[in-house]
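Everything in the sequence shown is counted per full-length UniProt numbering, starting at 1 for the first residue and increasing by one.
Where a beta carbon is used, it is the ideal one built from N, C-alpha and C, also for glycine.
Comments concern the structure below.
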Amino acid sequence: GDLKGKRVVIVDDVSDTGKTLQVVINEVKRLGASEIRVACLAMKPWTSVEPDFYVFRTDKWIVFPWEEFPVVVRE
1 GDLKGKRVVI VDDVSDTGKT LQVVINEVKR LGASEIRVAC LAMKPWTSVE PDFYVFRTDK
61 WIVFPWEEFP VVVRE
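Laid out in structure tokens, this is it:
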């Protein structure tokens, strides 16, 4: 895909570590986007990618309604 000169909004549910968003941002830049914005529902305080738009900030574990099988850790 060619994004040369395009304005792009990347949307994700949560910006946690920021690693996934950074990979996507780098790829969108490589494809030539002229402007990149990031929108997320939730942002963690330690993320390396602070979204331009977000609904809430939290340090809690989040399970969204569309997650069929949330991660469970047994000790």
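task: Could you say which of GLY32, ALA33 and VAL49 lies nearest to CYS40 if we only look at CA atoms?
output: For the purposes of this step, residue 40 is identified with residue 40 of the sequence shown, where counting begins at 1. Of the candidates GLY32, ALA33 and VAL49, the one whose C-alpha sits nearest the C-alpha of CYS40 is VAL49.
- prompt: Taking the alpha carbon of VAL9 as the point to measure from, which residue in THR47, TYR54 and PRO45 has its own alpha carbon closest?
  reply: The residue given as residue 9 occupies position 9 in the sequence shown. Out of THR47, TYR54 and PRO45, TYR54 has the C-alpha closest to the C-alpha of VAL9.
message: Suppose the cutoff is 6 Å on Cβ atoms and the five residues either side in sequence are ignored; what does the same chain contact list for VAL24 look like?
response: To locate residue 24, count along the sequence shown from 1; it is residue 24. Counting only Cβ-Cβ distances below 6 Å, and skipping sequence neighbours, we find ILE10.
- prompt: Shortest alpha-carbon distance to ALA42 belongs to which of GLY5, VAL73 and LEU21?
  reply: Taking the first residue of the sequence shown as position 1, residue 42 is located at position 42. That would be LEU21, whose Cα lies nearest to the Cα of ALA42.
message: On the CB-based measure, 16 or more other CB atoms within 10 Å of its CB, does residue 79 come out buried or exposed?
response: Limits of the chain in this structure are 1 at one end and 75 at the other, which puts residue 79 out of reach.
field: 7 Å Cβ shell around PRO45 - same chain, five flanking residues per side excluded
entry: On the sequence shown, residue 45 is found 45 positions in, with the first residue counted as 1. Closer than 7 Å at the Cβ level, and outside the excluded window around PRO45, lie ARG57 and ASP59.
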